[in-house]
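The working numbering puts the first residue of the sequence shown at 717, with every later residue one more than the last.
Here's the structure, in structure tokens; my notes come after.
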Amino acid sequence: MPVIEITSFEASEALLVNPSLFSMVLDIVSTAEGFISAYGGLQVEDKRTAYLSLTWQSMECYKKAVANPRYPEMATKLSAAIVGKPETLDYNFVEFRKDRTPSFDAPVTEFCTMQLKEGRKAEEFEAVIEPMHNAIATAGFSGFHPPPTYGDFVGKSGHFLVTSGWDSAKDHHAARNNTTKPWVDKIHEIVEVVSLVHVDFHKCI
């Protein structure tokens, strides 16, 4: 199953001026065995936090790429795009249940990180999120790019990343109506929303 590597960081002025820096730092990993694609973009809400997502065929492929002697060169190039040091970045990995491409290819991608409440089980979350997504996908919301999907954070039991695609963050907020409210209420009984942001993802490679 493909695994999605996601990291976020404060964008440097150089990256804000020249978003092509995303592609420039990826020339090394793009030739790695098992590398599939890369997306980069800025958070819509603050216009300063950058997100970089790499898709790998498996965690094993990612580990082989990191072990490559040339991999540190990527960190050197990445330093021009971030505020701070590359070695301080936090990397997360997600295994999505369904194809996340429609969400990532949309003009704006919702990232909602959720964590199970104490005593709750993943099966309870799955029993609600699946019909909730089916209801959203058939509701005909303006600016929506179906289908939404979700995935499990690798190595973080009880943590999920829910994602959906929209023409704009405004369209997503406008979709919170009577159709979605009952489902949202049910979800909130099971999980805590850790964060919810929108990213203007663009495919780099």
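Just so you know, even glycine gets a beta-carbon here, dropped at the ideal spot from N, CA and C.
In this text, all values refer to a predicted model and were calculated from it rather than measured experimentally.
Of the residues ASP821, SER873, LEU912, TYR866, the one whose Cα lies closest to the Cα of TRP882 is ASP821.
Residues of the same chain with a CB within less than 8 Å of the CB of MET717, apart from the 5 flanking positions on each side, are SER774, GLU811 in chain order. A residue is called buried once 16 or more other Cβ atoms fall within 10 Å of its Cβ, and VAL719 is buried on that count.
For ALA766, the three-state secondary structure derived from DSSP is strand.
Between the region 793–807 and the region 738–756 there are three or more C-beta pairs closer than 8 Å, enough to call the two in contact. Rounded to whole angstroms, the Cβ separation of THR896 and ARG816 is 20 Å, and the two are not in contact under 8 Å. The Cβ atoms of LEU770 and GLU721 sit closer than 8 Å to each other.
Annotation for ILE744: no alpha helix (DSSP H) segment contains it, and DSSP assigns it neither H nor E. Rounded to the nearest angstrom, the gap between the Cα atoms of ASN784 and HIS849 is 40 Å. Listed in chain order, the alpha helix (DSSP H) runs fully inside the region 828–877 are 838–853, counting runs of at least 4 residues. HIS888 has its alpha-carbon roughly 8 Å from the corresponding atom of PHE860.
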